[in-house]
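Report on one structure; see the data block that follows.
Structural data, given as structure tokens:
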């Protein structure tokens, strides 16, 4: 019997053993109450988590569930599930942190954005980014702004830990969010389309998932990049740090902030964990429902210098702009992506 059919049998079994669940108030369902077997994206979710957590029942009879009716919401979630079906995708080693330097290739979705002068050969490290699938990297718009950098061309290093001797280079085409301007810090997002498809079946290069939530469950996040270390010298190796979500009122006055479009984060320790050169990198966690995946909540947009005590940083909220991201990264997907 195939593993897929075994999973389907598991899903059927959890509905049979829950004929009288405790959470059965249909008035609390803000979507549609339908039989479990008819709620396709909820079945995908149960398959993904191998659990009935998150399954909300409307009735204590016939396994009627509260079914999300916003199918457009789950494009990124479905793609995230598809990653786990790639052979050996989840066979990574446990994360081992050594101060601020992680185990090499512990975060295989991390991308290093580099640039060079037109018609020159020497590349310079510039910003960070996140691999979303085999063809697209997410970064900050201000990192690849052609008005700001008219004489530069950009490329992406994937699978790099030490930028001096590892990684595969990809030439890219830039897609900047149409609402971004240098005078407006919002929509500070860009997608970089690789000219060649990345091999995401290796342990060195793997995509991360887009979050559909506005915040992690704990309020803590990991940040990373090849930026300046203690604001002195740029790091050749990937460095990571921990930040916590904070109230927008704690952000400095010079940090323009919109709580609907951005996440304000501060260091877990005294000094900041993001520096110049880290822009465009992800604000991420291990996926809440599957610990072999990573979930990206934000993209580093700006903030105070890392040498300042209790410095804060702003991160463009991925979930707010998710539909724009999906429309470019997965253009062939329709609103009803979970049809048979």
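In full-length UniProt numbering, the protein residues as written are 1 to 340.
All C-beta atoms in this analysis are idealised placements derived from N, C-alpha and C, irrespective of residue type, glycine included.
Keep in mind that this is a model prediction, so the values were computed, not measured.
Per DSSP, the unbroken beta strand (DSSP E) holding residue 220 starts and ends at 220 to 225. Taking one beta carbon from each stretch, the region 172 to 189 and the region 198 to 206 have fewer than 3 pairs nearer than 8 Å; the two do not touch. Inclusion of residue 266 and residue 244 in the CB contact set at 8 Å is warranted, their separation being smaller than that value. Per the C-alpha coordinates, the member of 33, 162, 302, 113 positioned closest to residue 152 is 113. Taking a contact to require three or more Cβ pairs closer than 8 Å, the region 78 to 88 and the region 100 to 109 do not qualify as touching. Contact between the region 127 to 136 and the region 318 to 332 is established, with three or more Cβ pairs separated by less than 8 Å. In the DSSP assignment, the residues bridged to residue 110 are 130. For residue 265, the enclosing beta strand (DSSP E) has its first and last residue at 262 to 267. If you ignore the 5 residues before and after residue 208, its C-beta comes within less than 8 Å of the C-beta of 109, 130, 131, 132, 282, 284, 293, 294, 295, 296, all in its own chain and listed in chain order. Under the three-state reduction of DSSP, residue 175 is assigned to strand.
Taking a 10 Å sphere around the C-beta of residue 268, we find fewer than 16 other C-beta atoms and assign the residue as exposed. Here the C-alpha atom of residue 278 lies approximately 23 Å from the C-alpha atom of residue 249. Taken atom to atom, the span from the alpha-carbon of residue 124 to that of residue 116 is near 6 Å. A straight-line Cα-Cα distance of about 10 Å links residue 170 and residue 111.
For residue 81, the uninterrupted alpha helix (DSSP H) run begins and ends at 75 to 83, by DSSP. 299 is the residue among 222, 331, 226, 299 whose C-alpha sits nearest the C-alpha of residue 185. Counting other Cβ atoms within 10 Å of its Cβ, residue 63 reaches 16 or more and is therefore classed as buried. In the three-state reduction of the DSSP assignment, residue 315 falls in the strand class. A Cβ-Cβ contact shorter than 8 Å links residue 188 with residue 301. Under the 10 Å beta carbon count, residue 203 is surrounded by fewer than 16 other beta carbons and is classified as exposed. One alpha carbon belongs to residue 150, the other to residue 206, and they sit about 31 Å apart.
Per DSSP, the beta-bridge partners of residue 190 are 139, 176. Following the DSSP letters along the chain, one finds residue 322 inside the alpha helix (DSSP H) bounded by residues 322 to 329.
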